[in-house]
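Colleague: Just remember that the numbering used here sits 306 ahead of the position in the sequence shown, which is counted from 1.
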Amino acid sequence: MVTQIEESPFKQTRIRPYGERGFLLDGFGGGERGCIEQALRCDPPEALEDCVWGADNCLVVFVRPVEAPILRVWLEGLQGAPASMAEAARRIEVPVIYDGADLKAVAQQVGLTESEVVAIHSAPEYRVRMMGFTPGFPYLDGLDKRLHIERKASPRNRIEPGAVAIGGCHAGIYSVASPCGWHLLGRTELPLFRPEKAMVTDCDARDIFTLAAGDTVKFIPS
307 MVTQIEESPF KQTRIRPYGE RGFLLDGFGG GERGCIEQAL RCDPPEALED CVWGADNCLV
367 VFVRPVEAPI LRVWLEGLQG APASMAEAAR RIEVPVIYDG ADLKAVAQQV GLTESEVVAI
427 HSAPEYRVRM MGFTPGFPYL DGLDKRLHIE RKASPRNRIE PGAVAIGGCH AGIYSVASPC
487 GWHLLGRTEL PLFRPEKAMV TDCDARDIFT LAAGDTVKFI PS
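1. Give me the DSSP bridge partner(s) of P323.
2. In its own chain, which residues sit with a C-beta less than 8 Å from the C-beta of A413, not counting the 5 before and 5 after it?
3. Quick check on DSSP: helix, strand or coil for P517?
4. Taking I479 as part of the beta strand (DSSP E), name the residues at either end of that continuous run.
5. One question on the structure: do V366 and L331 come within less than 8 Å of each other, judged by their Cβ atoms?
6. Please report the Cβ distance between P485 and P461, rounded to the nearest whole angstrom; I am assuming they are in contact, meaning their Cβ atoms lie under 8 Å.
7. Which whole-angstrom value is the C-beta distance of T516 and P497, which I expect to be below 8 Å?
8. Output the distance between the C-alpha atoms of P350 and M436, rounded to the nearest integer angstrom.
9. Of all the options F368, C341, P371, which has the alpha carbon lying nearest to the alpha carbon of E382?
10. Determine, using beta carbons only, whether V416 and I455 come nearer to each other than 8 Å.
11. Assuming A429 is part of the beta strand (DSSP E), what are its boundary residues?
12. Less than 8 Å separating the beta-carbons of A471 and L453?
13. Given a threshold of 16 other Cβ atoms within 10 Å of its Cβ, counted over all protein chains shown, does E338 qualify as buried or as exposed?
14. Output needed for R464: all residues of its chain with C-beta closer than 8 Å, excluding positions within five of it in sequence on either side, in chain order.
15. Distance check for F525 and A429, CA to CA, integer angstroms please.
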């Protein structure tokens, strides 16, 4: 097993060993992350078991121990098409009813009207940076800086699935009933997590989770 950092054919992406069957990719530059996201989804390296995206890295796990050069060769095959692969991300429209419990307070805090907050929040095309902290919850990049506000000092004990919220520099959608420290702007009826699908033979992760790292999300006021 390789124990040192392996050079990647991408200019900035690094390959680090992570246990006997895994590697951690980080240091992405330019369109490298988007390219790797789509390639792992559409044309993964042989014997890949799973991949888990973090805020600034990706853990890839294989079904058996492999050497880092195998991953490096796979990355070499991605050169020349990073832009086109990054553009291949799925685009999901999320209908939102903007009646959140914190909409008025957020508008007052940032010095805007409620309508302006809705317009600003629904204007961008967001990108799913990573999934967590509950099954199906997306951390969304692309929130307008005018809506960057600290998370709530006193989190709610429970909110229902479908809550559309903002916290810090991210937007998000709560996929299950859970505590919530973000500011609620609205709600969607689009299910993000369908655990019952996991019982179906030959189900795919897409059958269980609506979103994945690398997807593009567009909020549609309704």
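Think of the CB as a built atom: it goes at the ideal place given N, C-alpha and C, for glycine as much as any other residue.
Modeller: Walking through what the data contain:
1. Taking the sequence shown and counting its residues from 1, the one referred to as residue 323 is at position 17. DSSP output for P323 lists F329 as bridge partner(s).
2. Reading the sequence shown from its first residue, position 107 is the one you call residue 413. Cβ within range, chain order: T419, E420, E422, V423.
3. Looking up residue 517 in the sequence shown gives position 211. The sequence shown places Leu at residue 517, rather than the Pro named in the question. Note: L517 maps to coil in three-state DSSP.
4. In the sequence shown, the residue the question calls residue 479 occupies position 173. Its beta strand (DSSP E) spans residues 476-479.
5. Counting from 1 along the sequence shown, the entry for residue 366 is found at position 60. Counting from 1 along the sequence shown, the entry for residue 331 is found at position 25. Cβ atoms of V366 and L331: closer than 8 Å.
6. Residue 485 sits at position 179 when you count from the first residue of the sequence shown. Residue 461 sits at position 155 when you count from the first residue of the sequence shown. That pair is a contact at about 5 Å.
7. Reading the sequence shown from its first residue, position 210 is the one you call residue 516. Reading the sequence shown from its first residue, position 191 is the one you call residue 497. Rounded, the Cβ-Cβ distance is 7 Å, consistent with contact.
8. Your numbering for residue 350 matches position 44 in the sequence shown. Your numbering for residue 436 matches position 130 in the sequence shown. Going from the Cα of P350 to the Cα of M436 covers about 18 Å.
9. Locating residue 382 in the sequence shown gives position 76, counting from the first residue. Looking at the Cα atoms, C341 is the closest of the given residues.
10. Within the sequence shown, the letter at position 110 stands for residue 416. Within the sequence shown, the letter at position 149 stands for residue 455. Taking 8 Å as the Cβ cut-off, V416 and I455 qualify as a contacting pair.
11. Position 123 of the sequence shown holds residue 429. Taken as a continuous stretch (DSSP letters only), A429 belongs to no beta strand (DSSP E), as it is neither H nor E.
12. Here residue 471 refers to the residue found at position 165 when the sequence shown is read from its first residue. Here residue 453 refers to the residue found at position 147 when the sequence shown is read from its first residue. In this structure, L453 does not lie closer than 8 Å to A471 by Cβ.
13. Here residue 338 refers to the residue found at position 32 of the sequence shown. It counts as buried.
14. Numbered from 1 along the sequence shown, position 158 holds the residue referred to as residue 464. Correct list, in chain order: A483, S484, P485, C486.
15. Here residue 429 refers to the residue found at position 123 when the sequence shown is read from its first residue. Here residue 525 refers to the residue found at position 219 when the sequence shown is read from its first residue. Cα to Cα, the separation comes out at about 8 Å.
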